[in-house]
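Written out below as C-alpha cells is the structure these notes cover.
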Amino acid sequence: MHRYSLIVATLLLLFSQSSFAAYRIGVSIARVDDNFMTYVRTGLEAAATQQDVQIQFEDAQGDVVRQLNQVEGFLNQNVDAVIVLPVDTAATANITRAAVASKTPLVYVNRHPDERTLPKGVVTVASNDIEAGQLQMRYLAQKLGGKGNVAIIMGDLAQNATRDRTEGARQVLKDFPGIRIVEQQSAEWQRSKAMDLTSNWLLAGTQFDAIVANNDEMAIGAAMALQQAGKAKGEVAIVGIDGLPDGLAAIRRGVLSASVFQDPKAQATQAVQAAVRMIKGEPIESEVWVPFELIKPEQVAVFEQRYK
C-alpha cells in the first residue's frame, strides 16, 4: 500500500509541475548524440526551469523531413513557442512558413538559417561563425610567425557554420601571404573521420605546419592521427572551435594549441528568453549574437569553470 501511495504521489508531482508551468515550448534538436548539442540541451533544460517553462524535446536524428514533422507536431499541439536547432540550415524555409502560418513564435538556436532575413515572429540565437574562423586563424598565423603550410578540416558542407568558419579563416590569410593552404576537406564534424582524413594526408606526403578544424572533435581526431604517425605534441599546431570539456582537456595536455569558445549555455539561455519574450509580445531583435572567445593554454582553467 505504501509503495502504491508513493507511486501516485510521484505521478501527481510530475503532473503538477508540467500543469502549472507558465508556457509550453517544443524543441527539435538536429541530433542529440552530438557532443555540442548535448550541452545546448542541458542549457535549455536549465533555462526552462528558471523561466517556468515546460519543454518537450524531440531528436531529429539528422533528418530534415523528421525535423519538419516534429515542428508540425508541436504546432498541432498548440505549444506556446518552438525552438529548433536545425539539421540543415538550407532547409529551414518550410519550418519557418509553418510557424508563421500558425502565429507561433519560432527561435532558431546555434545555427542561423541560410535565409539571412527572417519574418516577424522568427528569431535566431547563435554565434557569428566568421568571427570564430578569424580568431583561430589569426592565433595560428601569429604562432607560425606569418609563414607555413596550413590544412583546413571542415564540418558538414550542408551547414553555413562550416562555410562561415572556413571563410573567416581564409579572410585572415589575406594579411599573411607567407601562409599557404595545402589541404581543405570535410570530416563532417566527426573525430573519427578527421583522424582518417589526416592519416590520408600524411600517407600522401602532404607537409603542413598547422591544422585549422571547424570544431574541437575534428581537431582532436587530427591530433590522434599525428600521434599515431609519430609526431610529437605541438610539432603541428592545431586549433579547434567549441571549447567543450574534451577540447579544454586536449589543450591542457598540449594536444591542441588553442580553441575558440562557443557558449552553449548562453545560446540556450538566450533562446528560451527570446521565446518567452515573443510569447509575451515583448519586442526583441531578430538576431541575438553570443560572442566567441579565443582560448589560449594559459586560460584553460578560466573556461573550465564555465562547466562547473
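In terms of the numbering used here, the sequence shown opens at residue 626 and continues consecutively. Idealized CB from N, CA, C, for every residue including glycine. Fair warning: this is a prediction, and the values are worked out from it, not measured in the lab.
By alpha-carbon distance to E910, the top candidate from P916, A786, F699 and A899 is A899. Between G668 and A848, the CB-CB gap reaches or exceeds 8 Å. The Cβ atoms of G868 and Q895 lie no closer than 8 Å to each other. A direct Cα-Cα distance of roughly 45 Å separates S653 from G803. Distance check between V690 and each of G865, I720, S752 and F928 places I720 closest, using alpha-carbon atoms only.
Between the C-alpha atoms of K856 and V880 there is a straight-line separation of about 11 Å. In this structure, DSSP gives I755 a helical state, which the three-state scheme calls helix. Taking C-alpha positions only, A854 is separated from T823 by approximately 10 Å. The alpha-carbon separation between A812 and V707 amounts to approximately 30 Å. DSSP, read as helix, strand or coil, puts I909 in coil. The C-beta of N703 has fewer than 16 other C-beta atoms within 10 Å across all chains shown, which makes the residue exposed. Per DSSP, G793 is one residue of the alpha helix (DSSP H) stretching across N785 to V797. Remark: three or more beta-carbon pairs, one from each stretch, lie closer than 8 Å, so the stretch 835-843 and the stretch 785-792 are flagged as touching. V897 places its beta carbon 8 Å or farther from that of F917.
By DSSP's assignment, S817 forms no beta bridge with any residue.
Linking A723 to N701 through their CA atoms gives a straight-line distance of about 10 Å.
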